[in-house]
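Visitor:
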């Protein structure tokens, strides 16, 4: 029997007379008996049953999970209401729960104020990305009196809060209406975002990103060793032991300009030719991470023209950059993105009035970042498809349950 | 100067020569100097400034917050991007953050697995309540291939998970497209929901509700005593000291039938005449709470015909009831609602196929509840309007920022 608290089951030893016809795989049982030291080497304890009651029988013929079978992730994905009972998804969900608690603790322990940034917003953070519009159906024309969307980022709302509290964070769902069937994209996904006032340089932001990653990952490794082992044994054998190594070393830092030079000198040819001023593509990110030894790599100082208005102008030249940073990790690509924010009013003129107000009334140098929570789980566990690290995946043409 | 970590400011003592023209209320400053014991009785320490730098000036003429003024909550509500800098909202947001951490810790410490139940769902939990539909705008017809909505409750998804883990919880945003301008309703609000397998009776559910309330409230009282004091001093003087009393006693329990009897014998007349089989109205809830001495009261065993299909049939009669419970609190009304779920397949026939599957494959007696997080904050702090206990309130005709 297994109560879902770990991969480990408790062996119940019962006299044949206690056997029930409906005592099948998948059924829910209540067993009373004595917990004793087991004579077998495979288990420490076992339960000598005195009574067995089948609380909820399970029809094994129609139950899609089979005993002692390792079902492929694609197979169990068809059963969003039952796949949590498989070993792999059970382990994943326990890890996800511990990682969630670890993220809250990390920020809490470091004096951050948690903010519930809104899900519905009248504001499109980056002007980029496909938005889900809401509250405009026939009978509810303009519920909010203005066009309203599902949030793509809590950043602007966190910036508001960074004017009142020194450090703030949010951890909630964000949305993209992208018609993508990629193994890295979902329509609904979770993002950790933080904003820090009185930053001095990008170093301040990178330090928090790295500390967050390492603290949460250490927590997961120590709280769910067997659950993590399952992934590193059966799903991503190449990950075994790598994570522990990575936690011991400082993450690498290269500039965008250095990254472009590395790509230009690469022996391989890319579909997108690397060129200063162009966005790094997935193939480029992969190569950079490999080039650096399959470890997490910060890429800093991106071209001014590539990045949104709120990122801080480095006032350099002739290759004009902003103080932006991306954290690239093996197998996943971009895990975190952040920047110093432009705190100087003249640099922001002709922008949003409210955004300007924040600069007008006691502006401070600040910066922040976001980390995709599903991508984080994909990376540490080596899970190929993002649909397997979220309880109920939503993507184009799919919204089961 | 104040860094947002508490209501307490640090007094900076400076020579007039350090005075800057732009050193105004609301500006962001960097002060270097010596932290010394203060000669004044009002403060323990003070900072003897050696240098003062105005990092971000603040135009006091247009800044809507004024020094040493206690602005009404209605006034600051107009400035969603600046109100967090007022004492009251600052205190509220610190309390909200501690309560959030307290909720996660409570469940974590009691062995619950945290689940991110989906925001977008193809499933209308109760068939009740107005739904926000999404992904059906002109250019994105049927993004999900099926009608999709913003969630009204994570209950069904938690029930799925309660089949894999013994205890699960979620804490996230939920939505109602109600055209209400009530001080108790928002279009977007936060709900804590829990689901417990192997329940024996409603008592199991009530115990968790009561423990959750008391544990989180104790945490808030001990972590933010000054912030809570601000509310109990200026916003809701009647609350002062009451909460500490309530934490010491068991919550009261009455049945729905008893509640109706109490209402029938009330000396006052109600707009809605109390009658067995009719829903309790706000006026009824208020009276019941007053009748019980302005303390939290559980009302249990509601009429079968009033409640949704998934609540467990008590198989009683002639007044046929289900094992449902509401927790009523002073000033707010319904804070939590929960029930035992109908785990018996025959009672659920002709319902949702997936819901039936959960009963078919290893069904167990279980139950759960939800607690409105904003209503919780309204109650413990005595805040009249729900719009003042959430960072960015959304309601009909309003979606600022």
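Protein chains in written order, with our numbering: chain A, 67 to 467; chain B, 67 to 467. All C-beta atoms in this analysis are idealised placements derived from N, C-alpha and C, irrespective of residue type, glycine included.
On the criterion of 16 or more Cβ atoms from any shown chain inside 10 Å, does residue 102 of chain A qualify as buried, or is it exposed?
Guide: Exposed, because fewer than 16 other Cβ atoms sit within 10 Å of the Cβ of residue 102 of chain A.
Visitor: Report yes if the C-beta distance between residue 170 of chain A and residue 137 of chain B is below 8 Å; otherwise report no.
Guide: Contact: no.
Visitor: At what residues does the alpha helix (DSSP H) containing residue 442 of chain B begin and finish?
Guide: Residue 442 of chain B -> alpha helix (DSSP H) spans 439-447.
Visitor: Pull up the distance between the alpha-carbon of residue 452 of chain B and that of residue 439 of chain B, whole angstroms please.
Guide: One C-alpha to the other measures close to 10 Å.
Visitor: Find the residues of chain D that neighbour residue 423 of chain A, judging by a C-beta separation of less than 8 Å, and give them in chain order.
Guide: The structure shown contains no chain D; the protein chains it does contain are A and B.
Visitor: Okay, do the region 375-382 of chain B and the region 407-414 of chain B touch, 3+ Cβ pairs below 8 Å being the bar?
Guide: Yes, the region 375-382 of chain B touches the region 407-414 of chain B.
Visitor: When the cut-off is 8 Å and only beta carbons count, does residue 467 of chain A lie next to chain B?
Guide: Closer than 8 Å to some Cβ of chain B, the Cβ of residue 467 of chain A qualifies, so yes.
Visitor: Quick one: measure Cβ to Cβ for residue 435 of chain B and residue 227 of chain B, integer angstroms, because I've assumed they're closer than 8 Å.
Guide: About 15 Å; that fails the 8 Å criterion.
Visitor: Give the secondary structure of residue 150 of chain B by DSSP, where H, G and I count as helix, E and B as strand, and everything else as coil.
Guide: Looking at residue 150 of chain B - three-state DSSP - the assignment turns out to be helix.
Visitor: Contact check, residue 467 of chain B vs residue 146 of chain B under 8 Å by CB: the rounded distance?
Guide: So it is a contact: roughly 5 Å between Cβ atoms.
Visitor: Check the DSSP bridge columns for residue 133 of chain A and list the partner residues they point to.
Guide: DSSP output for residue 133 of chain A lists no bridge partner at all.
Visitor: Return the first residue and the last residue of the beta strand (DSSP E) that residue 96 of chain A is part of.
Guide: Run containing residue 96 of chain A: 94-103, per the beta strand (DSSP E) assignment.
Visitor: Please list the residues of the region 242-259 of chain B that have a C-beta atom closer than 9 Å to any C-beta atom in chain A, keeping them in chain order.
Guide: Here the close residues are 243, 245, 253, 254, 256.
Visitor: Buried or exposed: residue 300 of chain B, going by 16 or more other Cβ atoms within 10 Å of its Cβ?
Guide: Answer is exposed; the Cβ neighbour count stays below 16.
Visitor: Mind pulling the chain B residues with CB within less than 9 Å of residue 357 of chain A?
Guide: Simply none; closest approach about 35 Å.
Visitor: Please work out which residues of its chain come closer than 8 Å, Cβ to Cβ, to residue 150 of chain B, disregarding the five sequence neighbours upstream and downstream, and give them in chain order.
Guide: The residues are 156, 159, 457.
Visitor: Under 8 Å between the Cβ atoms of residue 93 of chain A and residue 123 of chain A?
Guide: Yes, the Cβ-Cβ distance between residue 93 of chain A and residue 123 of chain A is below 8 Å.
Visitor: In or out: residue 268 of chain B buried (at least 16 other Cβ within 10 Å) or exposed?
Guide: Label assigned to residue 268 of chain B: buried.
Visitor: Residue 448 of chain A: which of A/347, A/250, A/220 sits nearest, CA to CA?
Guide: The option with the nearest alpha carbon to residue 448 of chain A is A/250.
Visitor: Hey, could you find the ends of the alpha helix (DSSP H) residue 350 of chain A is sitting in?
Guide: Here the alpha helix (DSSP H) through residue 350 of chain A covers 348-357.
Visitor: Take residue 323 of chain B as the anchor and find which of B/340, B/313, B/450 has the nearest alpha-carbon.
Guide: Closest option to residue 323 of chain B, Cα to Cα, is B/340.
Visitor: Just grab the DSSP bridge partners of residue 433 of chain A for me.
Guide: DSSP, once it has assigned bridges, lists A/262, A/406 as partnering residue 433 of chain A.
Visitor: The beta strand (DSSP E) with residue 369 of chain A in it runs from where to where?
Guide: Per DSSP, residue 369 of chain A belongs to the beta strand (DSSP E) from 363-369.
Visitor: To the nearest angstrom, how far is it from the Cα of residue 338 of chain A to the Cα of residue 347 of chain A?
Guide: The straight-line gap from Cα to Cα measures roughly 7 Å.
Visitor: Using C-beta distances below 8 Å, list every residue in its chain close to residue 455 of chain A, excluding the 5 sequence neighbours before and after it, in chain order.
Guide: 158, 162, 440, 443, 444, 447, 449, listed in sequence order.
Visitor: Between residue 428 of chain B and chain A, is any beta-carbon pair separated by less than 8 Å?
Guide: Closer than 8 Å to some Cβ of chain A, the Cβ of residue 428 of chain B qualifies, so yes.
Visitor: What residue range does the beta strand (DSSP E) around residue 109 of chain B cover?
Guide: Counting along the chain, residue 109 of chain B falls outside any beta strand (DSSP E), and DSSP gives it neither H nor E.
Visitor: Can the beta-carbon of residue 182 of chain B be found closer than 8 Å to that of residue 240 of chain B?
Guide: No; because the gap between Cβ atoms is not below 8 Å, this pair is not in contact.
Visitor: Can you tell me whether DSSP reads residue 335 of chain B as helix, strand or coil?
Guide: It is coil, neither helix nor strand.
Visitor: Which whole-angstrom value is the C-beta distance of residue 396 of chain A and residue 366 of chain A, which I expect to be below 8 Å?
Guide: About 19 Å separates the two Cβ atoms, so there is no contact after all.
Visitor: At a Cβ cut of 8 Å, what residues of the region 106-126 of chain A count as close to chain B, listed as they run along the chain?
Guide: Correct list: 121, 122, 123, 124, 125.
Visitor: Can you give, in chain order, each stretch of the beta strand (DSSP E) that sits fully within the region 210-234 of chain B and has at least 3 residues?
Guide: Fully enclosed beta strand (DSSP E) runs of 3 or longer: 214-216.
Visitor: How would you label residue 212 of chain A, buried or exposed, when you count the other beta carbons within 10 angstroms and need 16 or more for buried?
Guide: Exposed, by the Cβ-count rule.
Visitor: Does chain B have any CB closer than 8 Å to the CB of residue 226 of chain A?
Guide: True, the Cβ-Cβ gap to chain B drops below 8 Å.
Visitor: List the residues of chain A that residue 159 of chain B touches, going by C-beta distances under 8 Å, in chain order.
Guide: Those within 8 Å of residue 159 of chain B in chain A are 179, 181, 227, 230, 231.
Visitor: Alpha carbon to alpha carbon, how far is residue 463 of chain A from residue 462 of chain B?
Guide: Taking the straight line joining both Cα atoms gives about 30 Å.
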